[in-house]
Amino acid sequence: MKKHMDWKPRAEMDVLRARARLYGAIRGYFGVHQVLEVETPVLSAAATVDPNIDSFATREKPGAERWLQTSPEFAMKRLLAAGSGPVYQIARVFRREEAGRHHNPEFSMLEWYRPGWDHLRLMDEVEALLRSAGVPDGPRWERLTYREAFLRHAALDPFGASLEHLRQACVECLNLSTELAGETSPDVYLDLLMSALVGPRLGLDNPAFLYDFPASQAALARVRAGDPPVAERFELFWKGIELANGFHELTDAAEQRRRFEQDRARRLEQGREAPPYDARLVAALQAGMPQCAGVALGLDRLLMLLLGLPELADVLAFDSERA
Numbered sequence: 029m030k031k032h033m034d035w036k037p038r039a040e041m042d043v044l045r046a047r048a049r050l051y052g053a054i055r056g057y058f059g060v061h062q063v064l065e066v067e068t069p070v071l072s073a074a075a076t077v078d079p080n081i082d083s084f085a086t087r088e089k090p091g092a093e094r095w096l097q098t099s100p101e102f103a104m105k106r107l108l109a110a111g112s113g114p115v116y117q118i119a120r121v122f123r124r125e126e127a128g129r130h131h132n133p134e135f136s137m138l139e140w141y142r143p144g145w146d147h148l149r150l151m152d153e154v155e156a157l158l159r160s161a162g163v164p165d166g167p168r169w170e171r172l173t174y175r176e177a178f179l180r181h182a183a184l185d186p187f188g189a190s191l192e193h194l195r196q197a198c199v200e201c202l203n204l205s206t207e208l209a210g211e212t213s214p215d216v217y218l219d220l221l222m223s224a225l226v227g228p229r230l231g232l233d234n235p236a237f238l239y240d241f242p243a244s245q246a247a248l249a250r251v252r253a254g255d256p257p258v259a260e261r262f263e264l265f266w267k268g269i270e271l272a273n274g275f276h277e278l279t280d281a282a283e284q285r286r287r288f289e290q291d292r293a294r295r296l297e298q299g300r301e302a303p304p305y306d307a308r309l310v311a312a313l314q315a316g317m318p319q320c321a322g323v324a325l326g327l328d329r330l331l332m333l334l335l336g337l338p339e340l341a342d343v344l345a346f347d348s349e350r351a
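Numbering (the working numbering), first residue to last: 29 to 351.
Here it is as structure tokens:
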């Protein structure tokens, strides 16, 4: 791209019109189903401490950072605790990561919450919403457990494989060796295998749900007791690309605080920035957030796939190179 031309939008105008139609379809669906559209702050005094996500910081004055949201989740849960009922939001979110074929540091997210529902019922609504928004009709979308997906596409049991088995699978399948020297976390190996082997093979024709994750990957989801225990969460894949991440939400304030503190300690051990976690969310859980399920869905990726475009930047008016 020539420098004197970088004032022009990346996306074609018919793509921008398609985005407007997509948002209209989403708002129409939630209007019919009586889900309230809300707005929450983009800047917050707290940030995610998820070890896999880094936040952008702004500075009001020295020593007084505020953080750009990586998701509207925490504020929306505070609304739920205040009695909002079912809510949704189309939000601009920010994650400090490299721009790439399927990534942009600033992107659009649809997030919604359903009090009284679990993650399985929410999967039904994700499918209904996306069909109404233009995903082509076809058979009911496949649902695979995390274990079933790994057995099918990586030929191993993610719950039973030893650390050495997981390491060897990464060495053989991904040509990794010295990069993994000394790694002792099974989730690091599982994430590598998911990114390179399993995820790209999911939902190649019709979208597919992956659910019942390892308890160690619960994030903000409930953990269901069993052998093994599993996190009550799901991800949606289409054409090998992750589109959505949903939870049967954790409502235990003490457990949420423990997870926040554990994640923050892990970031400090890794020598990474460790923002303050959202104590107001913990207070909202203490006050009593209803049992619910929630999901976040990447709208730019969805639009890219609906239009058959090769890169996320193709659906953005101004991607990070032109911002």
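Beta carbons: idealized from backbone N, C-alpha and C, even for Gly.
Whole-angstrom distance between residue j and residue i, CA atom to CA atom
i, j, result
"Pro-90", "Arg-229", "47 Å"
"Leu-218", "Leu-194", "7 Å"
"Arg-38", "Ser-348", "10 Å"
"Val-216", "Pro-79", "11 Å"
"Ala-321", "Asp-152", "12 Å"
"Glu-301", "Asn-132", "21 Å"
"Leu-184", "Ala-324", "29 Å"
"Pro-69", "Met-317", "19 Å"
"Val-154", "Trp-145", "13 Å"
"Ala-177", "Ala-259", "15 Å"
"Val-77", "Leu-71", "15 Å"
"Ala-197", "Ala-127", "28 Å"
"Phe-187", "Val-163", "33 Å"
"Phe-346", "Gly-210", "41 Å"
"Met-41", "Ser-244", "44 Å"
"Arg-175", "Ala-189", "11 Å"
"Ala-272", "Gly-326", "6 Å"
"Arg-350", "Phe-288", "35 Å"
"Gly-111", "Arg-250", "21 Å"
"Gly-59", "Ser-160", "13 Å"
"Leu-148", "Arg-252", "13 Å"
"Leu-204", "Pro-143", "44 Å"
"Val-199", "Glu-277", "35 Å"
"Ala-85", "Ile-269", "28 Å"
"Tyr-239", "Ala-75", "26 Å"
"Glu-285", "Gln-319", "Here the sequence assigns Arg to residue 285, which means Glu is not the residue at that position. Going from the Cα of Arg-285 to the Cα of Gln-319 covers about 17 Å."
Residue i - partner residues in DSSP beta bridges
i, result
"Pro-242", "Val-258"
"Ser-72", "Trp-95"
"Met-104", "Met-104 pairs with nothing; no bridge assigned."
"Leu-64", "Val-115"
"Ala-161", "Per DSSP, none; premise fails for Ala-161."
"Gly-274", "Phe-262, Val-323"
"Ala-249", "Glu-277"
"Arg-87", "Glu-93"
Any non-hydrogen atom of the ligand GDP closer than 7 Å to residue i Cβ
i, result
"Ala-48", "Among the ligands in the structure shown, none appear at all, so the ligand GDP cannot be discussed."
Coil, strand or helix - residue i by DSSP
i, result
"Arg-300", "coil"
"Gln-117", "strand"
"Phe-346", "coil"
"Tyr-305", "coil"
"Leu-225", "helix"
"Glu-170", "strand"
"Gly-128", "strand"
"Ile-269", "strand"
"Ala-110", "coil"
"Leu-138", "strand"
"Ala-236", "strand"
"Phe-122", "strand"
"Glu-155", "helix"
"Pro-318", "coil"
"Pro-143", "strand"
"Ile-54", "helix"
"Val-77", "coil"
"Glu-311", "For the sequence presented, residue 311 should be read as Ala rather than Glu. Correct three-state label for Ala-311: helix."
"Gly-59", "helix"
"Ala-182", "coil"
"Arg-149", "helix"
"Arg-353", "The requested residue 353 does not occur in the structure, where the chain is confined to residues 29 to 351."
"Leu-230", "coil"
Proximity below 8 Å, CB of residue i to CB of residue j
i, j, result
"Phe-262", "Gly-254", "no"
"Leu-202", "Leu-179", "no"
"His-181", "Leu-248", "no"
"Val-66", "Leu-107", "yes"
"Thr-98", "Phe-135", "no"
"Leu-264", "Phe-241", "no"
"Leu-330", "Ala-46", "no"
"Leu-309", "Phe-102", "yes"
"Leu-232", "Pro-214", "no"
"Arg-129", "Leu-340", "yes"
"Ala-109", "Ala-315", "yes"
"Leu-157", "Tyr-57", "yes"
"Leu-64", "Gly-113", "yes"
Any chance the stretch 304–312 sits against the stretch 281–296, with 3 or more Cβ pairs inside 8 Å? yes
Does the stretch 137–155 come close enough to the stretch 101–119 to have 3 or more Cβ pairs within less than 8 Å? yes
Three Cβ pairs or more, each shorter than 8 Å: is that satisfied between the stretch 85–101 and the stretch 162–176? no
Do the stretch 47–65 and the stretch 281–288 meet, that is, are 3 or more Cβ pairs less than 8 Å apart? no
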